[in-house]
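Using the working numbering, read the sequence shown as starting at 1 and increasing by one per residue. All C-beta atoms, glycine included, are put in the ideal place defined by N, C-alpha and C. One structure is given here, and the rest of the page talks about it.
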Amino acid sequence: MSVFDKIKKMGITKYKVIDRRSIEEITLGASILATGGGGNPKIGLLWALKVLDEGKAIVMIDPEDVPDDILVACPTPLGSSIVLTEKPPKADVCTHAIAKLEHYLGQKVQALIPLECGGVASTITYAVAGELGLPIIDADGMGRAFPELQMTSWATHGVHPTPTVSCDDRMNVTVIDTKEDHLMAESIARKTSMSYGGISWIATYPMRGSDVKRTSIINSQSIAWDVGKSVLSARKEHVNPADQILTDLKEKYHLSGYKVFNGKITDIRREFGGEMQKGFSLGQLKIEGLNEDKGKVATLDFQNEWLNLIVDGQIECTTPDLIIIVDTETGEPIRTDIVKYGYRGTILLLAAQDRMRTENGIKTFGPRYFGYDLDYIPVEERQKNKVSK
Numbered sequence: 001m002s003v004f005d006k007i008k009k010m011g012i013t014k015y016k017v018i019d020r021r022s023i024e025e026i027t028l029g030a031s032i033l034a035t036g037g038g039g040n041p042k043i044g045l046l047w048a049l050k051v052l053d054e055g056k057a058i059v060m061i062d063p064e065d066v067p068d069d070i071l072v073a074c075p076t077p078l079g080s081s082i083v084l085t086e087k088p089p090k091a092d093v094c095t096h097a098i099a100k101l102e103h104y105l106g107q108k109v110q111a112l113i114p115l116e117c118g119g120v121a122s123t124i125t126y127a128v129a130g131e132l133g134l135p136i137i138d139a140d141g142m143g144r145a146f147p148e149l150q151m152t153s154w155a156t157h158g159v160h161p162t163p164t165v166s167c168d169d170r171m172n173v174t175v176i177d178t179k180e181d182h183l184m185a186e187s188i189a190r191k192t193s194m195s196y197g198g199i200s201w202i203a204t205y206p207m208r209g210s211d212v213k214r215t216s217i218i219n220s221q222s223i224a225w226d227v228g229k230s231v232l233s234a235r236k237e238h239v240n241p242a243d244q245i246l247t248d249l250k251e252k253y254h255l256s257g258y259k260v261f262n263g264k265i266t267d268i269r270r271e272f273g274g275e276m277q278k279g280f281s282l283g284q285l286k287i288e289g290l291n292e293d294k295g296k297v298a299t300l301d302f303q304n305e306w307l308n309l310i311v312d313g314q315i316e317c318t319t320p321d322l323i324i325i326v327d328t329e330t331g332e333p334i335r336t337d338i339v340k341y342g343y344r345g346t347i348l349l350l351a352a353q354d355r356m357r358t359e360n361g362i363k364t365f366g367p368r369y370f371g372y373d374l375d376y377i378p379v380e381e382r383q384k385n386k387v388s389k
């Protein structure tokens, strides 16, 4: 049965067919929204393009059209983004994880959803959806990227990440089922990933269609798609890509963003061995201002993703709001796993979606969770206070 037959059987008549150009735009946009993390986007992109070249269809559906009773799951990598680049997956490792999850639950998965907006994590889901002939839902669990399994709007609204099936490239399988203990699930999944050599491929967050609508970051994939289109359009028209992103987000989605710093990376401090010992890329970045920001200094803390931005001692933004660095000329995202001395970037800030800003959300992925003695203040309030001063 084709994916078109499956969605017709669900009563879904509206959908978007993802072609080669579409997946390239989505990959670029998701990589930008990934806040410095998400891994190497080419890994998922090449797999998705291969799926399309084989004549398999990739189809996106709106979350509001998803039947309440169907089973949805999320295939994604877990571990160090640097190791991921060195150890890309076999083509069938994620489909194997989904099959093992179905066996454990005793029922079939009928649609897939990305864990996050991330370079590889998003597009892997598109590739697996094409391989399995399942629709992909226009939503995710973060609207950005985060380093830990429980850091989702799903978990903070009562959806459990387990059972999770974890596989490596040799098809070893670990089933993790910790019920309501989300931190234990993350701990076991992380240790499993380390045992597998620093990266694993998981099928996680089994949920009903009703849970998707109640807890997800709705239409996040469309937003990523439009961000990718914005950058490609800016290149073609020879306009500033950072400005184009902010303009289009405001016009299409009424999302306010801020361009707060232009500069050159002058120092990178990484925690040696963090990738293999903890499963994260950890450290701090220093950027010296250029042009209108000449004389200023910005520092960014990161754990796979950018967490805090401080400019000349003033806190500009903290997690879970989005800190994005794009190449000033091309609009390409500057990621924590590839950033180097001398890169020139523009820093953009975006507000996290409301489902990420609940009290439980701030407790789960706010600055204090990561060990910083900082209160979360919404980015729009920080920027308003900055202007008023």
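Considered as a whole, the stretch 289-366 harbours 297-303, 305-311, 314-318, 322-327, 344-350 as its complete beta strand (DSSP E) runs of no fewer than 3 residues, in chain order.
Shown here, Lys213 sits in a helix according to DSSP, grouped into three states. Per DSSP, the beta-bridge partners of Phe261 are Ile347.
Distance between Glu381 and Ile199, taken at the CA atoms: about 38 Å. When the Cα atoms are used, Glu131 and Ile137 turn out to be separated by approximately 15 Å. When Ala351, Gln284, Gln314 are compared, the shortest CA-CA separation from Lys296 is found for Gln314.
Assigned with DSSP and collapsed to three states, Arg368 falls in coil, not helix or strand. With contacts defined as CB atoms closer than 9 Å, Asp68 and Lys14 fail to qualify as a contacting pair. Secondary structure at Cys167: strand, using DSSP grouped into helix, strand and coil. The distance from the Cβ of Leu112 to that of Ala73 is about 6 Å, consistent with a contact at the 8 Å cut-off.
In this chain, the beta strand (DSSP E) harbouring Thr174 covers 173-176. Remark: three or more beta-carbon pairs, one from each stretch, lie closer than 8 Å, so the stretch 328-335 and the stretch 236-255 are flagged as touching.
Pro241 sits in a helix when the DSSP states are folded into three classes.
Distance from the CA of Thr174 to the CA of Thr152, rounded to the nearest whole angstrom, comes to 22 Å. For Thr27, the enclosing alpha helix (DSSP H) covers residues 20-33.
For Pro41, the uninterrupted alpha helix (DSSP H) segment begins and ends at 41-53.
For Arg144, there is no enclosing alpha helix (DSSP H), as DSSP marks it with neither H nor E. In the structure shown, the three-state DSSP call for Met10 is coil.
A residue is called buried once 16 or more other Cβ atoms fall within 10 Å of its Cβ, and Thr318 is buried on that count. Contact between the stretch 38-56 and the stretch 163-174 is absent, with fewer than three C-beta pairs closer than 8 Å.
In the DSSP assignment, Val72 falls within the beta strand (DSSP E) that extends over 71-79.
Fewer than three Cβ pairs drawn from the stretch 201-217 and the stretch 298-307 lie within less than 8 Å of each other, which leaves the two stretches out of contact. Contact check between the stretch 260-272 and the stretch 337-349: three or more CB pairs, one atom from each, fall below 8 Å, which counts as touching.
Excluding sequence positions up to five before and after Ala185, its CB lies within less than 7 Å of the CB of Leu149, Gln150, Pro161, Thr162, Thr164, Ile176, Thr178, all in the same chain and listed in chain order. In the DSSP assignment, Trp225 forms no beta bridge with any residue. The beta carbon of Pro206 is closer than 8 Å to those of Leu71, Val72, Ala73, Leu101, Leu105, Val109, Pro163 in its chain, skipping five residues each way along the sequence. Beyond the five residues adjoining it in sequence on each side, Ser220 comes within less than 7 Å, by CB distance, of Cys117, Ala139, Asp140, Gly143 in the same chain, given in chain order. Annotation: the continuous beta strand (DSSP E) that includes Tyr205 extends over 199-208. Judged by DSSP in its simplified three-state form, Thr266 adopts strand. Under DSSP, Lys286 shares a beta bridge with Asp267, Thr299. A residue is called buried when at least 16 other Cβ atoms come within 10 angstroms of its Cβ; Ser195 does not meet this threshold and is exposed. Shown here, Val159 sits in coil according to DSSP, grouped into three states, outside any helix or strand. Restricting attention to Leu232, Thr125, Leu46, the CA atom closest to the CA of Thr85 is found in Leu46. Per DSSP, Val59 is one residue of the beta strand (DSSP E) stretching across 59-61. Of all alpha-carbon atoms in Leu28, Arg368, Thr76, the one lying nearest the alpha-carbon of Val227 is that of Leu28. Val17 counts as exposed, since fewer than 16 other beta carbons sit within 10 angstroms of its beta carbon.
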